[in-house]
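**Student:** Residue numbers (the numbering used here): 9 to 441. We put the beta carbon where it would ideally sit given N, CA and C, even for glycine.
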Amino acid sequence: MHDIRWIRDNAEAMKAGLKRRGWDGLKVEETVAELFRLDDERREIIARTQRAQEERNRLSKEIGQAMGKKDMALAEQLKARVAELKAESEGAGAAETAAVKALDDALLQLPNLPLAEVPDGADEHDNVETRVVGAKPVFAADFKPKEHFEIGEALGLMDFESAAKMSGARFVILKGALARLERALGQFMLDLHTDVNGYREINPPVLVRDDAMYGTAQLPKFRDDQFRAGDDFWLIPTAEVPLTNLVREEILDEKALPIRVTALTPCFRAEAGAAGRDTRGMIRQHQFTKVELVSITTPEKSMEEHERMTACAEEVLKRLGLHYRVVTLCTGDMGFASQKTYDIEVWLPGQDRFREISSCSVCGEFQARRMNTRVRSSEGKSNRFVHTLNGSGVAVGRALIAVLENYQNADGSVRIPDALRPYMGGLEVIAAA
RNA sequence: GGAGAGGUGGCAGAGUGGUCGAAUGCGUCGCACUCGAAAUGCGAAGUACGGGCAACCGUACCGGGGGUUCGAAUCCCUCCCUCUCCGCCA
Numbered sequence: 009m010h011d012i013r014w015i016r017d018n019a020e021a022m023k024a025g026l027k028r029r030g031w032d033g034l035k036v037e038e039t040v041a042e043l044f045r046l047d048d049e050r051r052e053i054i055a056r057t058q059r060a061q062e063e064r065n066r067l068s069k070e071i072g073q074a075m076g077k078k079d080m081a082l083a084e085q086l087k088a089r090v091a092e093l094k095a096e097s098e099g100a101g102a103a104e105t106a107a108v109k110a111l112d113d114a115l116l117q118l119p120n121l122p123l124a125e126v127p128d129g130a131d132e133h134d135n136v137e138t139r140v141v142g143a144k145p146v147f148a149a150d151f152k153p154k155e156h157f158e159i160g161e162a163l164g165l166m167d168f169e170s171a172a173k174m175s176g177a178r179f180v181i182l183k184g185a186l187a188r189l190e191r192a193l194g195q196f197m198l199d200l201h202t203d204v205n206g207y208r209e210i211n212p213p214v215l216v217r218d219d220a221m222y223g224t225a226q227l228p229k230f231r232d233d234q235f236r237a238g239d240d241f242w243l244i245p246t247a248e249v250p251l252t253n254l255v256r257e258e259i260l261d262e263k264a265l266p267i268r269v270t271a272l273t274p275c276f277r278a279e280a281g282a283a284g285r286d287t288r289g290m291i292r293q294h295q296f297t298k299v300e301l302v303s304i305t306t307p308e309k310s311m312e313e314h315e316r317m318t319a320c321a322e323e324v325l326k327r328l329g330l331h332y333r334v335v336t337l338c339t340g341d342m343g344f345a346s347q348k349t350y351d352i353e354v355w356l357p358g359q360d361r362f363r364e365i366s367s368c369s370v371c372g373e374f375q376a377r378r379m380n381t382r383v384r385s386s387e388g389k390s391n392r393f394v395h396t397l398n399g400s401g402v403a404v405g406r407a408l409i410a411v412l413e414n415y416q417n418a419d420g421s422v423r424i425p426d427a428l429r430p431y432m433g434g435l436e437v438i439a440a441a
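1. Do the CB positions of Pro145 and Trp355 come within less than 9 Å of each other?
2. Residues in the same chain with beta-carbon distance under 7 Å from Met9, minus the five sequence neighbours each way, listed in chain order, please.
3. Is His395 helix, strand or coil by DSSP?
4. The beta strand (DSSP E) that contains Asp351, what's its start and end?
5. Taking 8 Å as the threshold, find out whether the region 264-273 comes into contact with the region 292-306 through three or more Cβ pairs.
6. Using beta-carbon positions only, say whether Leu200 and Leu408 come within less than 9 Å of one another.
7. Measure the C-alpha to C-alpha separation of Val108 and Pro119 and round it to an integer number of angstroms.
8. Please classify Ile424: does DSSP put it in a helix, a strand, or coil?
9. Taking one C-beta from the region 305-321 and one from the region 353-371 each time, how about it: are there three or more such pairs within less than 8 Å?
10. Mind checking His395: buried by the 16 CB within 10 Å criterion, or exposed?
11. Can you name, in chain order, every residue of its own chain whose Cβ lies under 7 Å from the Cβ of Glu63, other than the five neighbours on each side?
12. In terms of alpha-carbon separation, which member of Phe230, Val255 and Arg217 lies closest to Asp240?
13. May I have the straight-line CA-CA distance separating Arg277 from Asp360, to the nearest angstrom?
14. Is Thr287 buried or exposed, if buried means 16 or more other CB atoms sit within 10 Å of its CB?
15. By how many angstroms is the C-alpha of Ala345 removed from the C-alpha of Gly160?
16. Are there 16 or more other CB atoms within 10 angstroms of the CB of Val136, so buried, or fewer, so exposed?
17. Using the C-alpha atoms, what's the distance from Thr252 back to Leu243?
18. What residue does the beta strand (DSSP E) around Ile159 start on, and which one ends it?
19. Does the region 245-263 come into contact with the region 217-236, if we say contact requires no fewer than three beta-carbon pairs (one atom in each stretch) closer than 8 Å?
20. Of the choices Glu315, Ile15, Val126 and Gly223, whose alpha-carbon is the least far from that of Arg45?
21. Could you tell me the alpha carbon to alpha carbon distance between Lys69 and Ala60, rounded to whole angstroms?
22. Ignoring anything shorter than 4 residues, give me the alpha helix (DSSP H) runs that lie fully in the region 300-364, in order along the chain.
23. Ends of the beta strand (DSSP E) at Ile267?
24. Take the Cβ of Met490 as the centre, count every other Cβ of all protein chains shown within 10 Å, and call the residue buried at 16 or more, exposed below.
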C-alpha cells in the first residue's frame, strides 16, 4: 500500500511507476486524479468533523464545570445547545469513516512500484538473464530425456489417476521412494537454511484470517486465486503470509533486525487464471510443498538482504548439483507487492527448458504499511516502516521434478543426489520394484 | 460445545460516568553526584490523523466494532483474544 502523502508529493514518479508496470497512460491519469479527489474529500471532511467535535467537547466540559458549581440552570442551557450539535456531528463522523475507507480501498488496488534498476518490459520474454550456474547434464546421444511424470509413472510411484478420483485435476499422489524423496528434499532445505544460512525455523498455521491476507497483499485483489476454508479462514498460498505476518502491528527494536525466518508448509492455490496451462504433470498443482524464506529488515539493509536471500536459495540448487539461471524479472512480470524480483529457474532436461523454482522479492515498505509494522527509531525521529522480503528456498515439488529429470538414467531409474542420501536412508538409486 | 474470569502505555499494574492520554513501579533517555560505574536525586518521553512556513493548535486512540449519555477507559450490545473448570477430540 502506498502513502497518499507520498503520492501527492511525487505524483509524476507514481504515474511513471504505474506506466512501467504496464498500465495504460489514460488509466494512470484517471487513477491518480481519482486518488487526489478522494484525498481532498477525506481531508475536508476530517477538518469539518474535528471542528464539530471540538465544539462539543468544549461545551460538555463547561457542563461538567457548571454542575460542579451547582449551576443547574446553566448546565441545562448548555445541554440543549450540545444536543443541537449532536446530529450534525454524528453525520460528519459517518462521512469521515466512509471517506477514509474510499481512499484506502483505492490505495489497496495499487501495485508496488518497480525500482529504477528493474528492466522495463511487458512479460516474461523481457526478463533479463542475470547469471547462469552449472551445466546441463549429459545424456547418451541416443537417449531423449523423459519428463518427470513419465519417469514417475513408469516407476509406479507417481499417481495422477488416483489423485483425480478423490480430488480432481491438479493433484498428485507420490508413493514409496518418491514420497520419501519429497520429504527428504524438504528436510534438506530446512536444515540448510537453519544450520548454515541463519534462518529460524517456524511452524506456522496454514489457515489464516482476512487481515493476514491483506497484510501481504493477497487480498483484496487476488481473491480468486485463493482457497477459502470455512467462513473465517483462507488456506495460505505460500508461507510468506504467516511468516511475514509474524510481525504485524509490531514496533520492532532495530537491534532485533534483521529477522530471518523459514518454514516448510503446504501451499494452496486455486490457479484460477491458469486454466489449460501446465495441465500435465506436477508443475502446477492446487497443493504443493514449499520452503519459504522471509526477512524483515531496516530500509537501509533490504537491497543487501535481497542478494543474500537469493544466494541462500541458490545454495539449495548448488548442493543438489542442479543447473540453473537467475533472471531479473522485468516490470511487467513482477508480482503485485514486489519492488524487484529475482527468479531462479532450474534446468529441466525432459522439458528442454528452464522453469521457475524460486522467486525472491524485496517489497520495501509496501507490506509493512499494510501490516503496520515499524522499527523504533533511536533518536526522537518518528518510527519507520520496516522492509519485507520473501523468497522460495525452494519449491519442493518442483525440486523433485528437477531431480527426477536431471538424475534420470536410460533404464528409467533415478540416481539420488549425494546431498539427499542421508535423508533417504542411504538409498542411491530409485528403480522400479 | 457449556460455565466463569480477564484484555489499560515498552513491561507490570491502578483507575467503575466529568479536570483521565491515564496513578504507581520497572525498563528507556537526559542531567546532577562520581576518577568511572553502581546506588541515589532531578527531569524527559505514546501513536495516528487534520490544520499551520513554524513554534504550535486540534481530533481520535485504554483488544476491534457498534450503542447509551451533554460527557465513556469506566455503563450496554457484539466480535476477537487470553486464562480456569467441565465436556469432546488428534
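**Tutor:** Judging by the given coordinates:
1. Yes, they are a contact pair.
2. Correct list, in chain order: Leu115, Leu116, Phe374, Arg377 and Arg378.
3. When DSSP states are grouped into helix, strand and coil, His395 belongs to the strand group.
4. Counting along the chain, the beta strand (DSSP E) containing Asp351 begins and ends at Lys348 to Leu356.
5. The region 264-273 makes contact with the region 292-306; the number of CB pairs closer than 8 Å reaches 3 or more.
6. Result no, Cβ atoms of Leu200 and Leu408 do not sit closer than 9 Å.
7. Spanning the two alpha carbons is a distance of roughly 19 Å.
8. Residue state, collapsed to three classes: coil.
9. Enough Cβ pairs lie closer than 8 Å, so yes.
10. The residue in question, His395, is buried, as its Cβ has 16 or more Cβ neighbours within 10 Å.
11. Correct list, in chain order: Leu93.
12. If we check each option's Cα against that of Asp240, Arg217 comes out closest.
13. Straight-line Cα distance between these residues: approximately 26 Å.
14. With fewer than 16 Cβ atoms within 10 Å of its Cβ, Thr287 is classed as exposed.
15. Taking the Cα positions, Gly160 is about 36 Å away from Ala345.
16. Taking all protein chains shown into account, Val136 has fewer than 16 neighbouring C-beta atoms within 10 Å of its C-beta and is therefore exposed.
17. Rounded to the nearest whole angstrom, the C-alpha separation of Leu243 and Thr252 is 15 Å.
18. Per DSSP, Ile159 lies in no beta strand (DSSP E) segment; the continuous alpha helix (DSSP H) that holds it begins and ends at His156 to Leu163.
19. With contact defined as three or more Cβ pairs closer than 8 Å, the region 245-263 and the region 217-236 are in contact.
20. Ranking Glu315, Ile15, Val126 and Gly223 by CA distance to the CA of Arg45 puts Ile15 first.
21. If you take the alpha carbons of Lys69 and Ala60, they lie about 14 Å apart.
22. Runs of alpha helix (DSSP H) with 4 or more residues, each lying fully within the region 300-364, are found at 310-327, listed in chain order.
23. Counted as a single uninterrupted DSSP element, the beta strand (DSSP E) harbouring Ile267 occupies residues Ile267 to Phe276.
24. In the structure as shown, the chain starts at 9 and stops at 441, and residue 490 therefore has no counterpart that could be examined.
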